[in-house]
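*Asks:*
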Amino acid sequence: MLPKANRIPYAMTVHGDTRIDNYYWLRDDTRSQPEVLDYLHQENEYGRKVMSSQQALQDRILKEIIDRIPPREVSAPYVKNGYRYRYIYEPGCEYAIYQRQSALSEEWNVWETLLDANQRAAHSEFYTLGGLAITPDNTIMALAEDYLSRRQYGLRFRNLESGNWYPELLDNVAPEFVWANDSLTLYYVRKHKKTLLPYQVWRHTIGHSVIAR
Numbered sequence: 002m003l004p005k006a007n008r009i010p011y012a013m014t015v016h017g018d019t020r021i022d023n024y025y026w027l028r029d030d031t032r033s034q035p036e037v038l039d040y041l042h043q044e045n046e047y048g049r050k051v052m053s054s055q056q057a058l059q060d061r062i063l064k065e066i067i068d069r070i071p072p073r074e075v076s077a078p079y080v081k082n083g084y085r086y087r088y089i090y091e092p093g094c095e096y097a098i099y100q101r102q103s104a105l106s107e108e109w110n111v112w113e114t115l116l117d118a119n120q121r122a123a124h125s126e127f128y129t130l131g132g133l134a135i136t137p138d139n140t141i142m143a144l145a146e147d148y149l150s151r152r153q154y155g156l157r158f159r160n161l162e163s164g165n166w167y168p169e170l171l172d173n174v175a176p177e178f179v180w181a182n183d184s185l186t187l188y189y190v191r192k193h194k195k196t197l198l199p200y201q202v203w204r205h206t207i208g209h210s211v212i213a214r
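Per the numbering used here: the sequence shown = residues 2 to 214.
1) Runs of 3 residues minimum, wholly inside the region 54-112: which ones carry the beta strand (DSSP E) assignment?
2) Alpha carbons only, please: which of N139, E46, R159 is nearest the one belonging to N182?
3) Identify, in the order they occur along the chain, each residue of the same chain with its Cβ nearer than 7 Å to the Cβ of D117, setting aside the five sequence neighbours on each side.
4) Check whether the Cβ atoms of W112 and Q120 lie closer than 8 Å to each other.
5) Going by alpha carbons, who is nearest to R69 out of E95, A57, I9, Y47?
6) Using DSSP with H/G/I as helix, E/B as strand and the rest coil, what is A122?
7) Could you pull out every residue in the same chain whose Cβ sits closer than 6 Å to the Cβ of N173, ignoring the five residues on either side in sequence?
8) Can you check which of these residues, L105, G132, D147, is closest to A122 by C-alpha distance?
9) Span of the beta strand (DSSP E) holding P199?
10) Short of 8 Å in beta carbon distance, which residues of its chain neighbour Y25, apart from the five on each side in sequence? Order them along the chain.
11) In this structure, how does DSSP classify K194 when only helix, strand and coil are distinguished?
12) I207 and Y167: beta carbons closer than 8 Å?
13) List in chain order: all unbroken beta strand (DSSP E) runs of 3+ residues lying wholly within the region 6-33.
14) Is the distance from the Cβ of L170 to the Cβ of Y189 below 8 Å?
15) Buried or exposed for H42, please, with buried defined as at least 16 other CB atoms from any protein chain shown within 10 angstroms of its CB.
16) Tell me, please, which residues DSSP counts as bridged to D147.
17) Just grab the DSSP bridge partners of Y189 for me.
18) What does the alpha-carbon distance come out to for the pair L156 and A104?
19) Which value, in whole angstroms, describes the spacing of the CA atoms of R214 and T186?
20) Provide the residue(s) that pair with Y154 in DSSP beta bridges, ordered along the chain.
21) Let me make sure I understand the geometry here. Which of F178, L198, K194, P199 has the alpha-carbon closest to that of H205?
22) What are the residues that DSSP puts in a beta bridge with L116?
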């Protein structure tokens, strides 16, 4: 059933003019009002049900968009902290492969693969890489990944010297983050559990508890 928002008259006076806004109650700057969140949930559920019969069309449109992308796309490299960085899309791949090489290298065909997002997405119905950043000393990579399609990212860390992943996982965070100069401390933003909006700035140090500020 189509959700129907309640009409609750609210008088707004601006520059001497008064008008009635029947849907002012939907404005919730705190993103915490239960009645507003419940109505938005109903709208989202209705949208999913209405569009479910068009899934084949959605898939066809997506395929057409993908078919218009060049078979192999290579970004222009940029230099940071002594390394060249780039990403590539290989033929038939939906996600990018992130690579780097020494800025002093003259072998443009030899690159180190930092992350193959196709492998990260291989066993999931949804995947988005929200952000990727390397420590100032070039040894640790942090990446924010969303497997839920709700912009609820998880921060993971990989040692680029050994290739091993650290056990830490920071859940429900924003995709923006920054490393400190010590190459062990990361500042990131946690999201509100209900509204999923950016909520608090936190600090994490590699090797420490994930709840440490």
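Where a beta carbon is used, it is the ideal one built from N, C-alpha and C, also for glycine. Please read these numbers as outputs of a predicted model, since none were measured by experiment.
*Replies:* This is what the structure holds:
1) 79-81, 84-90, 98-103
2) N139
3) I98
4) no
5) E95
6) helix
7) Q153, K192
8) D147
9) 199-206
10) I9, Y11, M13
11) coil
12) yes
13) 12-15, 18-21
14) no
15) exposed
16) T129
17) F178, W203
18) 28 Å
19) Residue placement at R214 is poorly supported in this model, since its pLDDT is 44, which falls under 50; the coordinates still yield a value, given next. When rounded, the distance between both Cα atoms is 10 Å.
20) V174
21) F178
22) Y99
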